[in-house]
Amino acid sequence: MDMGAELNGACHCGRVRFHVTLTDGLRTARRCTCSYCRMRGAVAISADAGSLRILSGTEVLATYKFNTGTAEHHFCSVCGIYTFHRRRSNPGEYGVNAACLEGVSPFDFAEVPVLDGENHPADTGGSARLAGVLRFERAKD
124 MDMGAELNGA CHCGRVRFHV TLTDGLRTAR RCTCSYCRMR GAVAISADAG
174 SLRILSGTEV LATYKFNTGT AEHHFCSVCG IYTFHRRRSN PGEYGVNAAC
224 LEGVSPFDFA EVPVLDGENH PADTGGSARL AGVLRFERAK D
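Mind the numbering: the sequence shown is residues 124 to 264 in this note's numbering, read in order.
Given below as structure tokens:
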């Protein structure tokens with residue numbers, strides 16, 4: 124997928140629909156070890172905040188904030204699916220749930236970097252650290 128790929132996305136029930144231009148195609152896919160992301164388990168892909176446009180469902184889009192309240196995790200209040208979030212590490216950027224994008228699956232990635240969000244750079248004064256790499260292997264027939 125090319126840099127600046129434009130895709131449509133939606134939650135499971137289809138009430139929340141959005142259009143997004145990805146920052147660098149699928150190359151920014153990553154997971155995080157913070158308490159919330161660890162439980163959510165989604166693969167997130169980067170997009171500039173101005174490049175995400177909600178097409179429908181703003182009335183059912185809910186937001187969850189915790190800890191510093193900087194990150195805004197958005198999900199459909201009907202089906203519960205996490206769609207995207209404004210990042211704490213860069214509030215001018217969204218992480219978009221790969222599973223919500225048309226034609227994309229979190230299982231499309233052979234490897235996904237896992238960032239150490241449990242030791243967030245805003246808390247430690249350092250830079251973002253890699254906590255590991257998640258490898259997906261396809262089952263053999």
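Each residue gets a CB set at the ideal place from its N, CA and C atoms; glycine is no exception. From a predicted model like this one, the values you see are computed outputs, not experimental measurements.
- A straight-line Cα-Cα distance of about 22 Å links A170 and E182.
- Contact between V143 and A221 does not hold, since the beta-carbon distance rounds to 11 Å and is not under 8 Å.
- The three-state secondary structure of S228, taken from DSSP, is coil.
- Note that the C-beta distance between A185 and R210 is not below 8 Å.
- Using a Cβ distance threshold of 8 Å, F232 and Y217 do not count as a contacting pair.
- In its chain, beyond the 5 residues on either side, S169, A170 and D171 have a beta carbon closer than 7 Å to the beta carbon of T146.
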